[in-house]
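Notes to accompany the following structure.
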Amino acid sequence: MQDKILLFIPAYNCEKQIPRVLNQCLNINEIINEIIVVDNQSTDNTLIAASEEAKNIETPVTIVRNNDNYGLGGSHKVAFQYALDNKFDYIIVLHGDDQGTLSDLLPLITEGKHRDKDCLLGARFMPKSKLEGYSLFRTFGNYVFNNLFSMACGKKLFDLGSGLNMYSVKALASVNYQGFANNLTFNYFMILATVNWKWDIEFFPITWREDDQISNVKLFKQSREVLKILLRYVFMRNKFLTNNYSGREFNSYKFTIMEQHHRRDF
């Protein structure tokens, strides 16, 4: 039986990039069953740009808009719940700012590698990965934090959160991620949690580029936050992963369906 796979594209103020991301999704309908674009209250024309490009894609596309600004982490929670509610087997995360390349993951799915893992995590900093336009300063910083997190976890971590990952929905259903921060540090919570949950994870090399993207990361502020997360994990591990850092009640992430293209029942 074919796996039921959802492709989740989080989008925020990426009207220039979202058409290119959706253009990566041409001719993938034999692998991907549905695409969901989750717009996090963008203030530009991201929704319009996504709508126009979705018309060209054979795979069903659902475009939703968060009812509030939930942050990147909150958009993940929206999509994870959508995957659970609609009985998908796997969910792919591909950021809407066109830094990652979906084709880096598709061969692994074709080979069935995802079926043996709880998650496949794209890694910018492992052998055979390619960085295009990524500053040496940011590269060095990522290597430092990758090594610090690896030492704390007792496991080699090649990336703490790229924009291309794949999760088993069954694995997601068995854990609680609702308290993880909703901002850009959500992926740091996830990687620490997957190790603590003893998930079977595998990293794979990706191509990562920076050209016309607008970064929402303030490097020094983000670095301090990430270091605090790591220290909390080291000194209060189980309590840390069960506390609520989201600032919201659990399961309170509502959204509005804006459009559905080529919708079909499975």
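The working numbering puts the first residue of the sequence shown at 55, with every later residue one more than the last.
Glycine included, each C-beta is placed from N, C-alpha and C at the ideal position.
Neighbourhood of residue i by C-beta, 6 Å cutoff - its chain only, sequence neighbours within 5 removed
| i | result |
| --- | --- |
| residue 171 | 254, 256 |
| residue 72 | 65, 100, 103, 104, 150 |
| residue 217 | 149, 153, 154 |
| residue 262 | 153, 178, 185 |
| residue 83 | 112, 113 |
| residue 314 | 116 |
Pairwise C-alpha distance: residue j and residue i
| i | j | result |
| --- | --- | --- |
| residue 206 | residue 286 | 11 Å |
| residue 320 | residue 89 | Summary for residue 320: the model assigns pLDDT 39, below 50, so the residue's position carries little reliability; its value from the coordinates is reported in the next sentence. Cα to Cα, the separation comes out at about 14 Å. |
| residue 277 | residue 236 | 16 Å |
| residue 211 | residue 204 | 5 Å |
| residue 302 | residue 186 | 37 Å |
| residue 260 | residue 168 | 16 Å |
| residue 231 | residue 77 | 31 Å |
| residue 61 | residue 281 | 31 Å |
| residue 127 | residue 161 | 27 Å |
| residue 178 | residue 199 | 13 Å |
| residue 182 | residue 107 | 31 Å |
| residue 197 | residue 238 | 18 Å |
| residue 308 | residue 163 | 30 Å |
Cβ-based neighbour list, residue i, same chain, cut-off 7 Å, excluding 5 preceding and 5 following
| i | result |
| --- | --- |
| residue 68 | 100, 150, 151 |
| residue 202 | 284 |
Bridge partners - residue i, DSSP secondary structure assignment
| i | result |
| --- | --- |
| residue 65 | 93 |
| residue 220 | 146, 174 |
Beta-carbon spacing of residue i, residue j below 8 Å
| i | j | result |
| --- | --- | --- |
| residue 258 | residue 176 | yes |
| residue 159 | residue 146 | yes |
| residue 118 | residue 310 | yes |
| residue 138 | residue 223 | yes |
| residue 283 | residue 221 | no |
| residue 173 | residue 219 | yes |
| residue 245 | residue 215 | yes |
Residues of its chain near residue i, where Cβ-Cβ distance is below 8 Å and the 5 sequence neighbours each way are ignored
| i | result |
| --- | --- |
| residue 80 | 110, 111, 112 |
Near the ligand GTP: residue i beta-carbon under 7 Å from a heavy atom
| i | result |
| --- | --- |
| residue 286 | Absence of the ligand GTP is noted for the structure shown, with no ligands found whatsoever. |
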